[in-house]
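**Student:** Protein chains in written order, with our numbering: chain A, 1 to 332; chain B, 333 to 649; chain C, 650 to 990. Note that CB positions come from ideal geometry on N, CA and C, so glycine has one too. Just so you know, these numbers come straight off a predicted model, no measurement behind them.
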């Protein structure tokens, strides 16, 4: 999928200060949720961002829309530096970049009808003015996501999880965005509904020429919907590449472990597979280790640099980048 | 939810435009406010309160038409008479009809109560919204000021204000309004702290909504419930405060009848003519009780406890 | 393999072994404002020692309530539980509260989904571990502590002796789930029930926990009931699988059989709707509609409104019985892939 770069981040950092309690609040530490991320998303493609809890993927998604303020680095969207925009320009940008949230129960205001929630971007950006035209547009959007426009005046609690998620998608589409960040859009849904929403997102991308950043922890779903995949660990990108390469020829030890842990709906394959079981827990971003973030759990660790130097992201194949010192060809 | 009309076609692979999961709500659920009203009316104490308050409002609005005598109709020859056919609640030391004075005193109490709470609402809620939403310095500045006001016992505070402004009904309204502002600010702020973290607020921001829009359309409607409850409770206390101020002579000035004043006057006649102080006191008691009960009932009715039998078992099966 | 013409009663199967736990025609009805909901509608299965039975279903299938009903953890009223649950020569559903309490945590133990809320935040792990042992086995505090250390070791918690006096918030999610498992194992149960035990965990931690349970089962010979909605996890840990829909068992088979040869349209739809790693270009089947409201179940087959096949007139009016199709494979459907439309 080629196209020019629509969105790019350079050295993006999002650090949250941890303050002590009390009248005088001192900063006692920093949570390095996103710690130096370089990412490119091309127009028309879906970049899948995958990682476990605490890796910072959701924070990254929010930072792209400046819902959290980046502490360092840049986000460049279609040539505009998002990080330095003024309030008014940011509002205009929020029309072109939209977001679909994880929790279908929490992402809709319970006091407003679904029609009103979907129409919100239209009101904010003054699109399709006039109550007739607005109603028509809301109806159109609802049809696009597979909902009945006659239900526009009903409230969220009257709909199921899958339907509410569709409302969220309709709302994201209202401003005719170029780019949508999907933050774990299917994680809270039943299995049979997940497929519906995935199929919906794919169809919309085809029909409307959308670009997605698809954030999820489910590697199978990510591979299914993405063109390229980026793997995140403790605030850093450890591997990127097209979806086949990352899944079939992973180079980073964490990617390998992650892939081996993904359950497969095939009992025979499950029995055959050799699992790389990691020791220890998913780490806490408040005190990342110096050097390679994955080093404490790495089953290989055969380079002295691992403990002291953070490995840079380097190209190991066409479009395939990895941040590791691990080299399977070199003896331990 | 029986067979959905749209699903009568054979199922599809891939996603169909309309038939998957798209049936929508099977039947329109009851609008929220009607459901709340239903719960409220089911509560016997709430119904009692509402009736009492309705009575009060009628007395306040149509008192002059309903009262058998004027509030200041002096008839010295009939002074200190007990309840009788002519004077249902007796007469006071000047021969005035106690019933008429109680009925007309309702208007003062309610007026002061509603206006004072109105002032507290219009001052306190925006302060709480701003403090809770923006946090940090704004929060500190606003809430510490509220704390200062809170630190004073309500009555002393009111007296202090009236000492500056001078006694009278209008000034009493202002004084009580100031006294009750902090509680509304606090309650609003507490709710705002929760609501501002909600995902739908983030979603609104992601759509480009301004802070004002978010506060108006997303935050305020979702913090309304505790404010409504507090309004009812504060009305009770405001009326009580007015009575207290009138008791010590700072509230409504004679010749305007006010329950507190009547209580004060009745003090001297407890032995001979207990009815002079008793009935105004009873009126205060019933009014305050009703507002409190209403507040409790509202708290229960507005509680998001609309769970089905299955959900209340804590399992989603 | 003889094909028995079975009704809802007997699970046929290659069971040479005695069943540890036998559930027969379990029903849970809940009375609510809207009427009566049949949340569990005639469930029957066996669990044998050393075997893992996975119960698969989505929300509303009744899978969680069915195991709570087993252990008498469903308040009656508003629910009514009927049927038989044979364990250790007794029918659990007929036991009084006291006797049932002696079974719970002792012979049959349960691990829940959310380790954050299943542990008491104000008690140390040691206390929570010891609780069951002191109540059921009558161990002294000292002995219970010693066994507590053994158990924490068993589930792979490093520095077990020191961690015994830590509080739940000092453990990570994965560690807390290990502690839950340790608590469940404290009294050497014969049956372990894991209700979505790994759903809330990260994938790499999930792999650790499923390996742990599999290993413990091998070593201790327990029967395990594993409840999940995740067909991937189930493929890796189950010996047999039972698929539930709208309170009923719609299919039951040996694990390989279920995945290779699913018979029920719902099972097929479910399997077809999950993305498979390594096959990204496969189209995802999506099952239209959504699970029925248990208060308003359709007459006939509960899955009929969403079924892609539906060619038998009986589907709309009759509820298909669970029938045996050989090799321990049972299915409740009128659909026959071999019979043309």
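(1) What is the residue span of the alpha helix (DSSP H) that residue 502/B lies within?
(2) Any idea what DSSP makes of residue 326/A, helix, strand or coil?
(3) Determine, for residue 294/A, whether the minimum Cβ-Cβ distance to residues of chain B falls below 8 Å.
(4) Just how far apart, CA to CA, sit residue 243/A and residue 929/C?
(5) Label residue 441/B either buried or exposed according to how many other C-beta atoms from any shown protein chain fall within 10 Å of its C-beta, with 16 as the threshold for buried.
(6) Threshold first: 4 residues or longer. Then list the alpha helix (DSSP H) segments lying entirely within the region 260-332 of chain A, N to C.
(7) Does the beta-carbon of residue 236/A have 16 or more other beta-carbons within 10 angstroms, so that it is buried, or is it exposed?
(8) Extract the residue ranges of the beta strand (DSSP E) inside the region 808-889 of chain C, only unbroken runs of 3 or more that lie entirely within it.
(9) Residue 739/C by DSSP, collapsed to three states: which one?
(10) Apart from the five residues just before and just after residue 668/C, which ones in its own chain have a Cβ nearer than 7 Å to its Cβ?
(11) Quick one: what's got a C-beta closer than 6 Å to residue 255/A's C-beta in the same chain, skipping five residues either side?
(12) Can you tell me the Cα-Cα spacing of residue 754/C and residue 841/C, whole angstroms?
(13) Which full runs of the beta strand (DSSP E) of 3+ residues lie inside the region 1-76 of chain A, going along the chain?
(14) Taking contact to mean 3 or more Cβ pairs, one atom from each stretch, closer than 8 Å, check whether the region 452-462 of chain B and the region 616-629 of chain B are in contact.
(15) Among the residues of its own chain, which have a CB less than 6 Å from the CB of residue 967/C, if the five just before and after it don't count?
(16) Looking at residue 889/C and residue 700/C, is the spacing between their C-beta atoms short of 8 Å?
(17) Who are the Cβ neighbours of residue 284/A in its own chain at under 8 Å, not counting the five residues just before and after it?
(18) Rounded to whole angstroms, what's the CA-CA distance from residue 387/B to residue 411/B? Just pull it up for me.
(19) In chain A, which residues lie less than 7 Å from residue 550/B when you measure between Cβ atoms?
(20) Given this structure, state the Cα-to-Cα distance separating residue 464/B from residue 519/B, to the nearest angstrom.
(21) Tell me the rounded alpha-carbon separation between residue 872/C and residue 107/A.
(22) Would you mind giving the Cβ-Cβ distance between residue 516/B and residue 585/B, rounded to the nearest angstrom? I have them listed as a contact below 8 Å.
(23) Nearest to residue 540/B by alpha carbon, out of 103/A, 322/A, 99/A and 129/A?
(24) Secondary structure at residue 353/B, three-state DSSP: helix, strand or coil?
(25) Let me check one thing: in DSSP terms, what residues is residue 180/A bridge-paired to?
(26) Cβ-heavy atom distance between residue 266/A and the ligand ADP below 7 Å?
(27) Residue range of the alpha helix (DSSP H) that residue 621/B falls in?
(28) Is the Cβ of residue 534/B closer than 8 Å to any Cβ of chain A?
(29) What is the residue span of the alpha helix (DSSP H) that residue 434/B lies within?
(30) Quick one: does residue 410/B have its CB under 8 Å from some CB of chain A?
(31) Hey, how far is the Cα of residue 854/C from the Cα of residue 805/C?
(32) Less than 8 Å between the beta carbons of residue 844/C and residue 716/C, yes or no?
(33) Where DSSP assigns a beta bridge to residue 698/C, which residues make up the other side?
(34) Against chain A, with Cβ distances strictly below 8 Å, would residue 537/B count as a contact?
(35) What are the residues of the region 266-280 of chain A that lie near chain C, defined by any Cβ-Cβ distance shorter than 7 Å?
(36) So which residues of chain C does residue 215/A contact, with C-beta pairs closer than 9 Å?
**Tutor:** Well, looking at it:
(1) 501-527
(2) coil
(3) no
(4) Spanning the two alpha carbons is a distance of roughly 8 Å.
(5) Here residue 441/B is buried. Its C-beta has 16 or more other C-beta atoms within 10 Å.
(6) 267-272
(7) Counting other Cβ atoms within 10 Å of its Cβ, residue 236/A reaches 16 or more and is therefore classed as buried.
(8) 840-844 and 872-877
(9) Residue 739/C: strand per DSSP, three-state reduction.
(10) 695, 696 and 697
(11) Closer than 6 Å at Cβ, skipping near neighbours: 231 and 239.
(12) Spanning the two alpha carbons is a distance of roughly 9 Å.
(13) 5-19, 27-42 and 46-50
(14) no
(15) 949
(16) Going by C-beta atoms, residue 700/C is nearer than 8 Å to residue 889/C.
(17) Sequence-distant partners of residue 284/A (beyond 5 residues in either direction) whose C-beta falls short of 8 Å from its own C-beta, in its chain, are 54.
(18) 28 Å
(19) 109
(20) About 10 Å.
(21) 41 Å
(22) Actually they do not touch by this definition, with Cβ atoms about 28 Å apart.
(23) 99/A
(24) With a pLDDT of 47 at residue 353/B, under the threshold of 50, the modelled position of this residue cannot be trusted, and the question is left open.
(25) For residue 180/A, which the question treats as bridged, DSSP gives the partners 98/A and 212/A.
(26) Summarising the ligand content, the structure contains no ligands, and the ligand ADP is consequently not present.
(27) 607-634
(28) yes
(29) 430-466
(30) For residue 410/B, the answer is no, since every Cβ of chain A falls outside 8 Å of its Cβ.
(31) About 12 Å.
(32) yes
(33) Looking at the DSSP assignment, residue 698/C forms no beta bridge with any residue, so it has no partner.
(34) yes
(35) 266, 267, 268, 270, 275, 277 and 278
(36) Within chain C, no residue comes near residue 215/A; the closest Cβ sits about 15 Å away, beyond 9 Å.
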